[in-house]
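Below you'll find the structure, written out as structure tokens, and then a few comments.
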Amino acid sequence: MTIDFEKIEEKAIPNFKGGEDCVNARIFDDGAAKIMKMRLEPGSSIGTHTHEGNAEVIFILSGNGTHVADGQEEVAKPGMALYCPQGHTHTLRNTGSEPLVFYAVVK
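The opening position of the sequence shown corresponds to residue 2 in this note's numbering, with each subsequent residue numbered one higher.
So this is what it looks like as structure tokens:
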């Protein structure tokens with residue numbers, strides 16, 4: 002199966018998971034998994050949340066940010082994969098001067 006994110010409407014989601022500003026997302030959801038192409042503008046964030054019943058992998062495409070996983074701050078930059086296992090907590094913030102663009106897979 003091919004997912005063409007350019008054919009999926011982008012939606013601005015304000016205060017996603019309690020974060021600052023909004024996240025812009027193109028979301029594919031088949032009921033078993035969510036695959037998303039997301040964009041955080043400078044200063045925007047996804048709020049701290051815990052993955053109950055699923056895990057998440059984030060693949061950073063462009064931009065720079067900070068990923069806080071279980072209270073530990075990590076750099077988020079292009080080429081990195083960030084993993085939040087089931088039962089763990091994380092957040093993501095754009096700390097750069099350009100959009101932070103990434104794919105996120107929740108399953």
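Backbone N, C-alpha and C fix where the C-beta goes; we use that ideal spot for every residue, glycine too.
Exercise. What does a CB cutoff of less than 8 Å around Q73 pick up in its chain, not counting 5 residues either side in sequence?
Worked result: For the purposes of this step, residue 73 is identified with residue 72 of the sequence shown, where counting begins at 1. If we look at Q73 and ignore the five residues flanking it on each side, it has no Cβ neighbours.
Problem set entry | Opening and closing residue of the beta strand (DSSP E) in which I61 lies | Locating residue 61 in the sequence shown gives position 60, where the first residue counts as 1. Going by DSSP, I61 is part of the beta strand (DSSP E) stretching over E57 to S63.
For this session: With DSSP as the reference, label G48 as helix, strand or coil.
Result: Taking the sequence shown and counting its residues from 1, the one referred to as residue 48 is at position 47. Residue state, collapsed to three classes: strand.
Exercise. Out of V107, L83, T67 and A26, which has the shortest C-alpha to C-alpha gap to M39?
Worked result: Along the sequence shown, one-based indexing puts residue 39 at 38. Ranking V107, L83, T67 and A26 by Cα distance to M39 puts A26 first.
Exercise. In terms of alpha-carbon separation, which member of T92, A56 and K8 lies closest to S46?
Worked result: Taking the sequence shown and counting its residues from 1, one reaches residue 46 at position 45. If you compare the alpha carbons of T92, A56 and K8 with that of S46, the shortest gap goes to T92.
Exercise. What separation, rounded to the nearest whole angstrom, lies between the Cα atoms of A70 and I28?
Worked result: Along the sequence shown, one-based indexing puts residue 70 at 69. Along the sequence shown, one-based indexing puts residue 28 at 27. If you draw a straight line from the Cα of A70 to the Cα of I28, it is about 23 Å long.
Problem set entry | Cutoff 6 Å; reference T51; Cβ partners in own chain excluding five residues on either side | Counted from its first residue, the sequence shown places residue 51 at position 50. These residues qualify, in order along the chain: T90.
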